[in-house]
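Note that the UniProt record's numbering gives residue 185 to position 185 of the sequence shown, counting from 1, and the numbers run on in steps of one. Idealized CB from N, CA, C, for every residue including glycine. Remember, predicted model here, so these are calculated numbers, not experimental data.
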Amino acid sequence: MKPFLDVGEKFGKNSGRTTVITIANQKGGTGKTTTAYNLAYALSNEGKKVLLVDFDPQGNLSMCFGIEQPDQLQLSMFNVMNAIMSDEPLPPAEEYIHTHGNIDLIPSNIELSVAEINPSLGLLTINALAASDSVLIPVNPQPWSATGLTQLLRIIVKVKKCINPRISIEGILMTMCNTRTNLYKEAFRLVKVYYRETFHIFEVQIPLSVK
């Protein structure tokens with residue numbers, strides 16, 4: 001996990017209202033942070049107003065926006081969640097929302113890891129899915145990536161059944177792709193075998209690039 005985007009104005013099938021997208025994969029190193037960062041900028045360049053919520057205790061997305069030491073933040077997503085669950089007033093928005101043009105960011109830091117193990121706050125992934133309209137799943141083309149999605153999909157199904165019936169899956173986004181290698185070809189073949197009949201697999205594939 002797990003940044004998610006709150007996209008204002010008109011976007012996707014929910015025209016005329018805010019669309020909330022979770023970017024999630026239980027496996028690390030699949031490009032979740034990079035996907036959120038670039039998608040936010042692409043949408044903002046089209047005139048959309050975007051709220052990025054960093055839901056990762058490592059704070060990588062926050063660091064992408066110039067917050068070099070997120071663990072030293074006075075206010076972060078942890079404080080927002082803690083205030084809500086404790087039925088306390090939220091701090092002023094300008095004290096925890098960082099603005100970059102059309103993009104607003106609620107940063108995260110290591111304190112958010114407390115929420116991951118605190119039953120009163122619940123699991124971060126479930127909280128994000130409960131608030132979302134859809135899920136975008138980045139997948140790194142490794143042979144075990146296809147089978148590794150099973151746990152996440154089970155969680156999404158449970159959330160849809162018990163908490164958030166409106167949630168859907170935007171699709172699977174292949175990231176860090178070197179299309180010339182046999183490793184990529186086999187991994188992509190497995191993803192299609194497992195999921196092509198059930199989920200949309202985006203035609204656009206993000207190439208492997210250090211930049």
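query, result
"Residues bridged to L173 (per DSSP)", "P138"
"V53 and M77 closer than 8 Å at C-beta", "yes"
"Under the three-state DSSP convention, the category G62 falls into", "In the sequence on display, residue 62 carries Ser and not Gly. Helix."
"Residues near S113 by beta carbon distance below 7 Å, same chain, minus five either side", "P57"
"Contact check, L208 vs M176, beta carbons under 8 Å", "yes"
"Terminal residues of the beta strand (DSSP E) in which V20 lies", "19-23"
"Buried or exposed (CB count within 10 angstroms, at least 16 for buried), E170", "buried"
"Cα-Cα separation between S120 and F55, rounded to whole angstroms", "No answer about S120 holds up, because its pLDDT of 49 lies below 50 and its placement is not dependable."
"Nearest-angstrom Cα separation, counted from A115 out to A128", "12 Å"
"Proximity of N109 and D133 at Cβ, strictly below 8 Å", "no"
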